[in-house]
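Notes for the one structure printed next.
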Amino acid sequence: MDNQALRVDIDQAGAFAVRRQLLDGGGEPGKRGTLTTIRRLGYVQIDTINVVERAHHHVLWSRVPGYRTEMLDGLQRGRKVFEYLAHAMCYLPTADYRYYRGHMVGFAVKSKWYGHYYKKYGKLAEEVLERIKTEGPLAAGDFGDTRNRKRGTWWDWKPAKVALEMLFYRGDLMVAERRNFQRIYDLASRVLPKGIDLSLPEEAERKSFFVRRALEALGLATERDIDRYITTGGRLGAQLAAMVGQGLVSTVQVEGLPKPYYLLAELAGEFRQAPENDDTVRLLSPFDNLVILRDRTKALFGFDFALECYTPAAKRKYGYFSMPILWRDALVGRLDPKADREAGTLLVKSIHMERPVRETSFYRELAAELQRFAQFNKCVRVEMTKRTADSERWLAKHF
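Taking the numbering used here, I'd label the letters of the sequence shown as residues 2 to 400.
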């Protein structure tokens, strides 16, 4: 550990993380703000679960004043963002495209998944590619299932869908847009904007990019955090050490935490700024970039978070899709919602507080956030379906 490392307390570290994640109320509005936010975060994870508005829209709504779902859709159609693997399947800034090309180019060689399916569907993949070249953008539904049998599990994709995914991962195809959340595929050469830099970066440049992307978004991070924020980047420890040696990255010791943290040297001034008080309560998606690294969330915020939608109902502690509650610089509880769009009602199935909050402003702001979240989910009312000891304290007053 560097004896000259900056030493900070854990509250400072958490506050800076919230600020770098644009969750302090200072987000830029509109379509431009949506793109600015994706660039700052590095990616927004795409999710298929729609018990409430899908995660990629929710993450942006939490940061972009006046956000509407068509803003992200418009950025994709306008070639400002593209879909590919980062932490998972994500929306990424198109300006970052060249740094992901190495993964695409090497996918056919390195992926066991690809190798397995190429033996079965390699010829079909080339036929699918030729058809899109000739006919233009197509969805999976535009191809027939040649097996003529009932579909099996979710992973038992029909052959044409597998072929499309093979072509997507190796970079021949891109998602031109989504219609009713269904991907529309087209040739990468027709989707990418003209004049975009397609050169493959040298390894040091590529890895430096992923280190910077993680630290720009996270503020402070361990080596493990940096590796896992965008997993496509691979192991980045050697490049991180080189950047520390070059003075581009500073080492930070967070009080009470054993591992060294790292900070972009250029952000040191911003780190020292006193945070502004923002009393807005924010309901975060389970896939929000602030909490996507669960170990980091527990270390910096003392918040042990897990998504329970894949847990059997009888074993769930907090609910199917419980969402962290952020207030000021702390994760203070979690709330399990469901949007009953047909009835126009946002159902709150449970609220669990992690720490005591005595300020009445918190409960007032939580009620206001629930109303905003209901409107975002095209609901006109909020209804508590299961009362808990935590919810009784304020529910009768506000609903």
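Backbone N, C-alpha and C fix where the C-beta goes; we use that ideal spot for every residue, glycine too.
For P66, is the classification buried or exposed, using 16 other Cβ atoms within 10 angstroms of its Cβ as the cut-off for buried?
-> Here the question's residue 66 lines up with position 65 in the sequence shown. With fewer than 16 other Cβ atoms within 10 Å, it is exposed.
Minimum C-alpha distance to L133 - residue among D187, M324, L348 = Position 132 of the sequence shown, counting from 1, holds the residue named residue 133. According to the sequence shown, residue 133 is Ile rather than Leu. Nearest of D187, M324, L348 to I133, Cα basis: D187.
Straight-line CA distance for L347 to R382?
-> Sequence index remark: in the sequence shown, residue 347 carries index 346 (1-based). Sequence index remark: in the sequence shown, residue 382 carries index 381 (1-based). Approximately 6 angstroms, taken between the alpha carbons.
Count the other CB atoms, across all protein chains shown, that sit within 10 Å of the CB of K208; report buried if there are 16 or more and exposed otherwise.
-> Taking the sequence shown and counting its residues from 1, the one referred to as residue 208 is at position 207. Buried: at least 16 other Cβ atoms inside 10 Å.
Run the CB neighbour count on K121, radius 10 Å, all protein chains shown included, and call it buried at 16 or more, exposed below.
-> For this step, residue 121 is matched to residue 120 along the sequence shown. Exposed, because fewer than 16 other Cβ atoms sit within 10 Å of the Cβ of K121.
Quick one: give me the first and last residue of the beta strand (DSSP E) that L7 is part of.
-> Counted from its first residue, the sequence shown places residue 7 at position 6. Residues 7-9.
How many angstroms separate the CA atom of R236 from the CA atom of R214?
-> Walking along the sequence shown from the start, residue 236 turns up at place 235. Walking along the sequence shown from the start, residue 214 turns up at place 213. Straight-line Cα distance between these residues: approximately 14 angstroms.
Return the first residue and the last residue of the beta strand (DSSP E) that S1 is part of.
-> No information on residue 1 is available, as it lies outside the stretch 2 to 400 that the chain covers here.
At 4 residues or longer, and completely inside the region 89-120: list those alpha helix (DSSP H) runs for me, N to C.
-> 102-111
Does DSSP classify T135 as helix, strand or coil?
-> Along the sequence shown, read from residue 1 onward, the residue named residue 135 stands at position 134. DSSP places T135 in helix when its eight states are reduced to three.
Where A218 and F363 are concerned, what is the direct C-alpha to C-alpha distance, given to the nearest angstrom?
-> Position 217 of the sequence shown, counted from the first residue, corresponds to residue 218. Position 362 of the sequence shown, counted from the first residue, corresponds to residue 363. Roughly 27 angstroms separates the two Cα atoms.
If you count every other CB in all the chains shown that lies within 10 Å of the CB of E378, and 16 or more means buried, which is it?
-> Residue numbering aside, residue 378 sits at position 377 when the sequence shown is read from its first letter. The identity of residue 378 in the sequence shown is Asn, whereas the question assumes Glu. Buried is the call here.
From K32, L249, T361, P338, pick the residue whose C-alpha is nearest to that of H353; which is it?
-> Position 352 of the sequence shown, counting from 1, holds the residue named residue 353. Here the closest residue by C-alpha is P338.
Under the DSSP definition of a beta bridge, which residues are partnered with R180?
-> Locating residue 180 in the sequence shown gives position 179, where the first residue counts as 1. The partner list for R180 (beta bridge, DSSP) reads Q183.
What residue from R273, E277, F210 has the CA that sits closest to L249's CA?
-> Taking the sequence shown and counting its residues from 1, the one referred to as residue 249 is at position 248. Considering only alpha carbons, the answer is F210.
Return the bridge partner residues of D337 from the DSSP annotation.
-> What you label residue 337 is simply residue 336 of the sequence shown in a count that begins at 1. Paired residue(s): S351.
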